[in-house]
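Reviewing the structure listed below.
Residue numbers (full-length UniProt numbering): 1 to 311.
Right, dumping it as structure tokens:
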């Protein structure tokens with residue numbers, strides 16, 4: 001498509017068209033999408049053909065039963081979803097501003113980092129008199145980063161450099177994190193005075209992170225260097241609170257951040273087992289796409305202050 005034709009197409013495009021395209025891509029059915037959009041099926045079919053002709057690409061592979069997005073179709077749908085998400089967020093922000101309500105940020109945070117960084121950061125937000133409502137979503141990086149790319153999140157707090165997806169995002173370092181072995185305070189290894197080795201730790205049941213997670217990889221690499229198999233696993237989980245309660249009931253061990261252990265150790269709930277993981281410390285930081293809004297910049301500055309204060 002040449003530049004002049006592209007400009008003409010953009011000028012004719014309406015948000016209604018983006019909604020129709022996204023609905024068609026999600027349902028994979030002209031009939032279903034037409035019903036949801038309040039159009040006749042022939043009208044929707046004609047519009048798609050006109051759009052494909054204008055763009056010079058095929059958006060859908062058609063069959064008698066279902067339609068599937070082509071690579072070009074997935075690309076167009078991806079950008080359509082981003083535009084619609086941005087406009088929905090803008091509408092919400094304008095409504096909040098008009099009614100004198102709080103600004104809103106959608107934050108994704110690695111499960112182990114929420115209890116470490118968010119309470120103090122939100123206290124700083126309150127102390128600064130910032131009228132802000134934060135919606136927090138905990139998850140793993142492979143779940144959070146795609147949501148950030150789709151603009152469904154404003155910011156992700158997590159491990160930097162853990163996935164190729166993060167390469168296209170803005171990032172800011174907060175601190176270096178040390179991975180440790182945690183045990184409930186009642187665990188035999190938590191009370192043991194003699195030196196503890198990895199073979200000793202593998203004699204007990206473990207809670208391990210989900211497959212493909214960075215911590216899981218570090219644990220497996222460490223055990224491989226020690227020529228040890230994975231210990232008996234009672235649970236795969238990334239939830240700090242779940243891990244703590246299961247470990248307390250079943251005398252399990254699990255790998256987690258040094259800061260998480262410090263948080264629980266202060267209440268006499270967890271202890272660090274003196275074992276070291278192979279590899280370098282992981283870096284904790286913030287990731288965001290495009291240009292940060294003034295509200296997001298202010299929040300990130302307060303988050304940085306909290307991270308430095310916790311070192």
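We put the beta carbon where it would ideally sit given N, CA and C, even for glycine.
query: Three-state secondary structure (DSSP) of residue 136; result: strand
query: Three-state secondary structure assigned by DSSP to residue 306; result: helix
query: Whether residue 156 touches residue 287 by CB criterion (7 Å); result: yes
query: Nearest candidate by alpha-carbon position, reference residue 114, set 303, 127, 309 and 311; result: 303
query: Rounded distance between the beta-carbons of residue 108 and residue 148, thought under 8 Å; result: 6 Å
query: Per-residue DSSP class, three states only, for residue 293; result: coil
query: Proximity to residue 200 [Cα-Cα], best of 274, 28, 62 and 234; result: 274
query: Beta-carbon proximity check, residue 181 vs residue 208, cutoff 7 Å; result: no
query: Cross-strand partners of residue 175 (DSSP beta bridge); result: 284
query: For residue 186, the nearest candidate out of 142, 123, 270 and 193 (CA to CA); result: 270
query: Start and end residues, alpha helix (DSSP H) containing residue 30; result: 30-37
query: Buried or exposed by the 16-neighbour rule on C-beta atoms within 10 Å, applied to residue 243; result: buried
query: Residues bridged to residue 256 [DSSP beta-bridge criterion]; result: 180
query: Anticipated Cβ contact below 8 Å, residue 214 with residue 283, distance rounded; result: No, residue 214 and residue 283 are not in contact; Cβ-Cβ is about 11 Å, not under 8 Å.
query: Candidates 74, 272, 290 and 258: closest to residue 311 by CA position; result: 258
query: Residues near residue 250 in its chain [Cβ-Cβ closer than 8 Å; skip 5 each side]; result: 205 and 234
query: Classification of residue 74 by the beta-carbon crowding that lies within 10 angstroms, buried from 16 upward; result: exposed
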